[in-house]
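Q:
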Amino acid sequence: MGSLKPKMESIYPVTSRLLAGILCGDAGPSSSMDLPQYLADRADRLKGHAYLVDLARIERAAYRLQHDAADPPVQVDALQINPALELFPTPWRGLPDLLKNAFREPMRGECQVLVWKSPQSGAVRIEEADRHDLLALKMAAEDIDPRQAAAEGKVPVGVVDDILHAAVQKGLLLAPASKIVRSAEFAVAEKKHGSEFMTSLVFTLQWHLTQACDLHCKHCYDRSDRNTMGLEAAVGVLDDLYSFCRSRHVHGQVSFTGGNPFLYPHFDSVYRQAVDRGFMTAILGNPVSRDRLERISAVRKPEFFQVSLEGLPDHNDDIRGKGHFDRVMRFLDLLRSLRIYSMVMLTLTEANIEQVLPLAERLKGRTDLFTFNRLAQVGEAKVLKPATTERFARFLEDCLDAAADTAAIDLKDSLFNILLERREKPLFGGCTGFGCGAAFNFAALLPDGEVHACRKFPSPIGDIRRKSLQEIFDGEAARQYRRGSLACADCRLRPVCGGCMAVTYGSGLDPFKDKDPYCFLSIHKTD
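Going by the numbering used here, 229 is the number at position 246 of the sequence shown; the sequence numbering is gapless.
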């Protein structure tokens, strides 16, 4: 077989090149797809190139998947193996490398070679399977619960979930789509903006572990006494959140806050338990010591650590206490030295609106992100005066201009989208990535178990001591917050806005009926 027919060369480009001169004089197989068996029948004549039998099988599978196999399904109901995948046991290691470099000889060694069509790109990929790939395939084939696999392997369930996620990312497994999807009320706006802001892949639980705090800020929205959970109950919350995220096919994030979350007596244990379950973690709190940060980072670095400043030094310290500004600035340097992503949050009022951009300049090089929330006149925050609606609209213009030159300034307020639309710029996700995410991709858990749609104002949707998070999420109270205000029902910006229900409530309005008083969209109806 001095050379293969052109058809065979297209199916077996590397095998045909390596076969040149090995089976001289043979006519070759009658059908191009029969080459692997043809070579297997003549293995004694391959002159030390016995691996060509398996190499041909792999190349044939790759060709068939590329040209004949249907694309993997876009939607599935449960985790499953990609139907456009083939697994080849072989006594040779390095066959995929040989397909990239025909001059590299394989070595003896048992392994499994994966050949599959990527559901993301449609390209055919070939790799040797590692033990994580094989575990993921076994779990999907046998419908093994990650918690069972974790118990048998004596590892945290988050480790197993990471293995499954990696297999999905590679395209070996197909996973169901997220079930956290905006309801039919958003269909009108979806037609204008598409589905980008309709489905969330992450659900965040902002967990206020304790009301205890080492500060007493003038604008604190809740200084009430609330009982805190014991460690057993707190771990139960994490198990409940895990079940919820698994049922909705989303990733979970726990944002620990308070009060000061570090004053919760079981913080380190709960943080580790959250990491063990595979949740992303974040901290919204006050500056702590290097030792505390290093202990947390030894478990896993948080996605971010958020602290607050309320303006330039004098104003900030008047709100948060003497010396607070300098303490935060030193802490930001500490976060940077430990390579922990830092965020600075400001509560916007009439008194500090002129200080935001000067503060942004002082934060250059000190923080990764700086943004603001509007004051919601709730709790002790009633003593502070919010910015006027007219001044706020001008401020957003100034802030948007400054953001182009100051990378640390982040666009968080959903009303920025009004200006972005006017400037014919791409819209962004607003407050939570989906406009107002209250009870949608976000919920707040208070120390005593109350669950609220948003922590900035009273918005109870259930009690985790009495109902599961799934029951609370599916309850009518949560659905009402997800629907948002009737005043926004026909707004073209609804998926990325919805205003701020906390600000509406704090202004004495009905968040389910009235428009955010700061909204300055001139044409509120859909075009």
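Positions of the beta carbon are idealized from the N, C-alpha and C atoms, including for glycine.
Note that the structure is predicted; figures quoted are calculated from it, not measured.
If you pair each beta-carbon of the segment 472 to 486 with each one of the segment 404 to 416, do three or more pairs fall below 8 Å?
A: yes
Q: Does DSSP put aspartate 493 in a helix, a strand or coil?
A: coil
Q: When DSSP labels each residue in this structure, what does serine -7 get in the three-state scheme?
A: Serine -7: helix per DSSP, three-state reduction.
Q: So, for arginine 349: in the same chain, excluding its five sequence neighbours on each side, which residues have a beta-carbon less than 6 Å away from its beta-carbon?
A: Leu315
Q: What did DSSP end up calling leucine 156 once you bin it into helix, strand or coil?
A: strand
Q: According to DSSP, is phenylalanine 288 part of a helix, a strand, or is it coil?
A: The DSSP-derived three-state label of phenylalanine 288 is strand.
Q: Please report the distance separating the alpha-carbon of glutamine 236 from that of glutamine 63.
A: 25 Å
Q: Measuring only the C-alpha atoms, how far is leucine 402 from valine 140?
A: 44 Å
Q: Going by DSSP, which residues form a beta bridge with serine 325?
A: Answer by DSSP bridge pairing, in chain order: Phe288.
Q: Ignoring anything shorter than 3 residues, give me the beta strand (DSSP E) runs that lie fully in the segment 346 to 426, in order along the chain.
A: 352 to 357
Q: Between leucine 184 and serine 166, how many whole angstroms is the CB-CB distance? I'm expecting something under 8 Å.
A: Not quite, the Cβ-Cβ distance comes to about 17 Å (not below 8 Å), so this is no contact.
Q: Suppose you measure from the CA of glycine 467 to the CA of aspartate 274; what does that come to, to the nearest Å?
A: 43 Å
Q: Which one of Ser(-1), Pro55, Gly4 and Met328 has the shortest CA to CA distance from leucine 38?
A: Ser(-1)
Q: Please determine, among Lys450, Pro369 and Pro494, the residue with the shortest C-alpha to C-alpha distance to alanine 421.
A: Pro494
Q: Going by alpha carbons, who is nearest to glycine 77 out of His199, Ala112 and Cys502?
A: Of the candidates His199, Ala112 and Cys502, the one whose C-alpha sits nearest the C-alpha of glycine 77 is Ala112.
Q: Does glycine -15 pass the burial test, meaning 16 or more other C-beta atoms within 10 Å, or should it be called exposed?
A: Any reading at glycine -15 must be qualified, since the residue scores a pLDDT of 45, below 50, and its modelled position is unreliable; no value is offered.
Q: Work out the CA separation of isoleucine 41 and methionine 122 for me, nearest whole Å.
A: 24 Å
Q: Three or more C-beta pairs closer than 8 Å, one from the segment 329 to 341 and one from the segment 225 to 239: is that the case here?
A: Note that the segment 329 to 341 does not touch the segment 225 to 239; fewer than 3 beta-carbon pairs, one per stretch, sit closer than 8 Å.
Q: If you pair each beta-carbon of the segment 302 to 315 with each one of the segment 277 to 286, do three or more pairs fall below 8 Å?
A: no
Q: May I ask which residues mark the beginning and end of the beta strand (DSSP E) holding glutamine 338?
A: Careful: glutamine 338 lies outside any beta strand (DSSP E) and carries neither H nor E.
Q: In angstroms, rounded to a whole number, what distance separates the CA positions of arginine 209 and leucine 198?
A: 17 Å
Q: Whose C-beta lies closer than 7 Å to the C-beta of methionine -9 among residues of the same chain, with five residues either side of it excluded?
A: Ser(-1), Ser15 and Leu18
Q: Give a yes or no on whether the C-beta atoms belonging to arginine 91 and serine 101 are separated by under 9 Å.
A: No Cβ-Cβ contact shorter than 9 Å links arginine 91 with serine 101.
Q: Report the residue from Arg231, Gly219 and Ser230 whose alpha carbon sits nearest the alpha carbon of serine 252.
A: Gly219
Q: For alanine 385, collect the residues of the same chain with a Cβ closer than 8 Å to its Cβ; drop the 5 residues on either side in sequence, then sort them by chain order.
A: Cβ within range, chain order: Leu340, Ala343 and Ile392.
Q: By DSSP's criteria, isoleucine 109 is part of a beta bridge. Which residues make up the other side?
A: Beta-bridge pairing links isoleucine 109 to Val98.
Q: Which residue wins for smallest C-alpha separation from leucine 70, given the options Leu329, Glu88, Ala44 and Ser490?
A: Ala44
Q: Could you tell me which of Tyr488, Leu321, Trp190 and Val164 sits nearest to glutamate 179, measuring between CA atoms?
A: Val164
Q: The alpha helix (DSSP H) spanning glutamine 463 covers which residue range?
A: 459 to 466
Q: On the DSSP bridge list, what partners appear for glutamate 168?
A: Per DSSP, none; premise fails for glutamate 168.
Q: Roughly how many whole angstroms lie between the Cα atoms of glutamine 194 and glutamine 103?
A: 46 Å
Q: Ordered along the chain, which non-local residues of its own chain (more than five positions away) have a Cβ less than 6 Å from that of glutamate 363?
A: Cys203
Q: Going by beta carbon distance, what residues of the same chain come within less than 6 Å of methionine 328, once the five residues before and after it are set aside?
A: Excluding residues within five positions, the ones whose Cβ falls inside 6 Å are Gln289 and Ser291.
Q: Answer with buried or exposed for glutamate 380, where buried requires no fewer than 16 other C-beta atoms within 10 angstroms of its C-beta.
A: exposed
Q: Within 10 angstroms of the Cβ of isoleucine -6, are there 16 or more other Cβ atoms? Answer buried if so, exposed if not.
A: buried
Q: Name the DSSP beta bridge partners of threonine 264, please?
A: Partner residues in the beta bridge of threonine 264, as assigned by DSSP, are Val237.
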